[in-house]
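Count along the sequence shown starting at 1, add 889, and that's the number in this note's numbering. Okay, so here's the structure we're looking at.
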Amino acid sequence: MLEGKCPKCGTRYFGWALRFPRHQVCLKCGVGLDIIEDGRQVSRGYSPFSAPEHSVDSPSGAASLDGGEKETRLPKE
Numbered sequence: 890m891l892e893g894k895c896p897k898c899g900t901r902y903f904g905w906a907l908r909f910p911r912h913q914v915c916l917k918c919g920v921g922l923d924i925i926e927d928g929r930q931v932s933r934g935y936s937p938f939s940a941p942e943h944s945v946d947s948p949s950g951a952a953s954l955d956g957g958e959k960e961t962r963l964p965k966e
């Protein structure tokens, strides 16, 4: 059986639903779970809440509503 363990708060989850990405996130703190099968880690769940941010400069001439420079943040690929 699969086990999911939160690397942040230590909460544990059990069951085959952990095969699916929507069930690979800690419900308490939103971090991707370490997925364990037969005593070894097989994967780590993805959580949009723990994705790193990157700053991208907008093209020259683009302006935001307040007249300042526009900045877009994208998750790291």
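Heads up, the beta-carbon is just placed ideally off N, CA and C, and yes, glycines get one too.
Ranked by how close their Cα comes to the Cα of D927, the residues W905, P896, T900 have W905 in first place.
Taking the Cα positions, C918 is about 23 Å away from M890. In this structure, DSSP gives L891 an extended state, which the three-state scheme calls strand.
In the DSSP assignment, D923 falls within the beta strand (DSSP E) that extends over 923-926.
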